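Peer 1: Before I ask anything, here is the structure I am working with.
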Amino acid sequence: MLRTSFPPGISHTLLKLYGNIETHTSESLDWFNVLIAQAIVMFRNDHGFKEALLVYMSDILNGTNKPNFLGHVKVIDMNLGEEFPICSNCRIAPCSNNPERFNAIMDVNLVDEITLGIETQFLLNYPKYEFAVLPIELSLSIMRFSGTLSISLMPCEKQLNASDIAAFVFSFSPDFQLDINVHSLVGARSKLQDIPKISQFLDFRIRNWFIKNCVEPHFQCINIPSIWSATNEHLSST
1 MLRTSFPPGI SHTLLKLYGN IETHTSESLD WFNVLIAQAI VMFRNDHGFK EALLVYMSDI
61 LNGTNKPNFL GHVKVIDMNL GEEFPICSNC RIAPCSNNPE RFNAIMDVNL VDEITLGIET
121 QFLLNYPKYE FAVLPIELSL SIMRFSGTLS ISLMPCEKQL NASDIAAFVF SFSPDFQLDI
181 NVHSLVGARS KLQDIPKISQ FLDFRIRNWF IKNCVEPHFQ CINIPSIWSA TNEHLSST
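Right, dumping it as structure tokens:
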């Protein structure tokens, strides 16, 4: 469970470090972009990470939310792109619902081609199960994303067995831009290519998922583990 405020004195601490947040100029975040780019390069060159990501995506696509009119979904291609996200115009602002908590707000822009290719089947389950099967290949690419990202730090409630001391909470503003390119190939012999209805359906589902999970007032959390609890566990096991 997360508290909605920092300990008393955070405003005074911020004033010492940052000065007047209303007049402080925004930061370019060039140093941050370099670190993020290096991390992305390591992930792209790590074959173990790619294999783990393929397994993860396969599990997600074949999970309990998969429609019953689709057969097994096989991931056949994954391209993590060649470009890097650019963060800029970072500024500090108080949280709208809590003046003792502050957000780091920055602009994020990515122009690339990140692609996921899959194979599956449309199943016609009437008048009986799998009465007819229609093969389909899909290639979905994220071509551009831009938006305003808000990040804050929320301490966790003190609990006896708590292993996390805080969490990074992040969300995007509603005025984001997401450009998606979908290619489809349907059929076994006489194949239909790039059916508009399929592109519209996938675009809607992806955009709707992002809004419900990552766009204000919704948010995502990344827990920060306590180094002391990890140390205690190590000492108790030795």
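Sequential numbering of the sequence shown, starting at 1, is according to the working numbering. Ideal Cβ positions, reconstructed from N, Cα and C, are used throughout, including at glycine. The model shown is predicted, which means the values in this text are computed figures rather than measured ones.
Is the distance from the Cβ of ASP203 to the Cβ of VAL169 below 8 angstroms?
Peer 2: Contact: no.
Peer 1: Given a threshold of 16 other Cβ atoms within 10 Å of its Cβ, counted over all protein chains shown, does ASN45 qualify as buried or as exposed?
Peer 2: Exposed: under 16 other Cβ atoms inside 10 Å.
Peer 1: Taking DSSP as the reference, what is the three-state secondary structure of ASP59?
Peer 2: Helix at ASP59.
Peer 1: Tell me the start and end of each unbroken alpha helix (DSSP H) in the stretch 166 to 219 that is at least 4 residues and wholly inside, in chain order.
Peer 2: You should have 196 to 214.
Peer 1: If you reduce the DSSP assignment to three classes, tell me which class PHE102 lands in.
Peer 2: Reduced to three states, the DSSP call for PHE102 is strand.
Peer 1: With respect to the alpha helix (DSSP H) encompassing ASN45, which residues constitute its N-terminal and C-terminal limits?
Peer 2: Unbroken alpha helix (DSSP H) run through ASN45: 30 to 45.
Peer 1: In or out: ARG101 buried (at least 16 other Cβ within 10 Å) or exposed?
Peer 2: With 16 or more Cβ atoms within 10 Å of its Cβ, ARG101 is classed as buried.
Peer 1: Going by DSSP in three states, LEU110 sits in which element: helix, strand or coil?
Peer 2: LEU110: strand per DSSP, three-state reduction.
Peer 1: Check each candidate in GLY71, SER58, SER96, ASP112 and name the one with the smallest Cα separation from LEU80.
Peer 2: The residue with the shortest Cα to Cα distance from LEU80 is ASP112.
Peer 1: On the CB-based measure, 16 or more other CB atoms within 10 Å of its CB, does ILE222 come out buried or exposed?
Peer 2: Looking at its Cβ environment, which holds fewer than 16 other Cβ atoms inside 10 Å, ILE222 is exposed.
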